[in-house]
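Quick note: the sequence shown uses the working numbering, first residue 1337, plus one each step. Ideal Cβ positions, reconstructed from N, Cα and C, are used throughout, including at glycine. Quantities reported herein were computed from a predicted structural model and do not represent experimental measurements. Structure, as structure tokens:
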Amino acid sequence: MATKRLNIMLYSENNEEQIVLPINPKSIEIKYEKSFDTYEILGFGEVNIMAYHKPIRITLSHFLPENNSIFETYSGITYISGDGSTYIENEFSLEKAISILKKWAESKTKIRLVIDDELNLDCMVAAFSQTIRESTSSKPYILELLEYRNPTYKTIASNGLITRNNSINTPSFILMTSKDTIYSIADKYELDYKILAQNNGIIDPNATYEGFRLSTKGA
């Protein structure tokens, strides 16, 4: 049975940095939790009352391959040059990927995690760890993400919970899958499909272009 390859992207809109994972994790853990307040009731005993929903926690773990491997075909990195003057869009670079992930982990940078149609969520990097091995230059890693909640965003919900942020954040480029068309991507990210097709040299907006690196600039 054929396996489905997920298109997993991490990007920071403020820093204009984006990573498309070259190798998908064997599994992705998405943890939904609730918090409980515990009370002792006379003549009844201990009871638990749900207090609030905790931020979603996502754990990605696998390895980042060495440069010029067969895996980089499906990945890429976008970032701004050190002096802030040049927009750089490259094939996968192990060193650059680790550098960006470390920076996200050490700073207050908000990032967006997109896993095909499964998940589209604002996050903070809670932890990033890597293992250095002598036998290979590839780097095993664990990336822990925590859902970002804006404390200034007020909800109208009667239970006082913070509503999930449903705003659309469009990545600077999208790696198209076998199910993607210009129409479907334009509809998902509320883009102009004509401009999107024109900017990428695509004539038929209904055709699929698996593996094509679609730029969303200007659309």
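By Cβ distance below 7 Å, which residues in the same chain neighbour residue i in space, the five residues on each side in sequence not counted?
i            : result
residue 1542 : 1517, 1519
residue 1537 : none
Indicate the three-state DSSP secondary structure (helix, strand or coil) for residue i in the structure shown.
i            : result
residue 1352 : coil
residue 1473 : coil
residue 1494 : The predicted position of residue 1494 is uncertain, since its pLDDT is 38 and thus under 50; a value taken from the coordinates is nonetheless stated next. Of the three classes helix, strand and coil, the one that applies to residue 1494 here is coil, per DSSP.
residue 1514 : coil
residue 1540 : coil
residue 1456 : strand
residue 1357 : coil
Apart from the five residues on each side of it in sequence, which residues of its chain come closer than 6 Å, Cβ to Cβ, to residue i?
i            : result
residue 1545 : 1512
residue 1347 : 1354, 1448, 1507
residue 1529 : 1518, 1519, 1522, 1541
residue 1365 : 1395
Whose C-alpha, out of the options, is nearest the C-alpha of residue i?
i            : options                : result
residue 1454 : 1470, 1436, 1524, 1474 : 1524
residue 1463 : 1536, 1396, 1402       : 1396
residue 1440 : 1460, 1548, 1429, 1451 : 1460
residue 1368 : 1534, 1548, 1483       : 1483
residue 1457 : 1479, 1485, 1466       : 1485
residue 1437 : 1399, 1479, 1403, 1468 : 1479
Less than 8 Å between the beta carbons of residue i and residue j, yes or no?
i            : j            : result
residue 1359 : residue 1401 : yes
residue 1390 : residue 1362 : no
residue 1387 : residue 1399 : no
ask   = Okay, do the segment 1465 to 1475 and the segment 1428 to 1437 touch, 3+ Cβ pairs below 8 Å being the bar?
value = Flag = yes, the segment 1465 to 1475 and the segment 1428 to 1437 touch.
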